[in-house]
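In this note's numbering, the protein residues as written are 29 to 69.
Think of the CB as a built atom: it goes at the ideal place given N, C-alpha and C, for glycine as much as any other residue.
Inspection log for the structure reproduced underneath, given as structure tokens.
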Amino acid sequence: YPTKVKVTKEQFERVLLERHKFHGEWNYTIRPRTAERMAKS
């Protein structure tokens with residue numbers, strides 16, 4: 029994977045992160061976007 033790729037705040041906000049209870053800053057699940065959310069991008 030390429031390194032040092034810049035991600036805008038808008039791009040990051042579109043990612044559906046579900047943080048886990050234990051160390052949510054490290055442990056999380058990335059959920060698929062719904063068709064509705066994809067239409068907004």
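Quick one: give me the first and last residue of the beta strand (DSSP E) that residue 46 is part of.
As a working note, residue 46 is residue 18 in the sequence shown. Its beta strand (DSSP E) spans residues 44-47.
Using a Cβ-Cβ cut-off of 8 Å (strictly less than) and excluding sequence neighbours within five positions of residue 48, which residues of its own chain qualify?
Here residue 48 is taken as the residue at index 20 of the sequence shown, counted from 1. Around residue 48: 55, 56, 57.
For the alpha helix (DSSP H) that contains residue 40, what are its first and last residues?
Reading the sequence shown from its first residue, position 12 is the one you call residue 40. Its alpha helix (DSSP H) spans residues 37-41.
Which residue from 36, 59, 37 puts its Cα closest to that of residue 46?
Along the sequence shown, one-based indexing puts residue 46 at 18. Ranking the options by Cα distance to residue 46, first place goes to 59.
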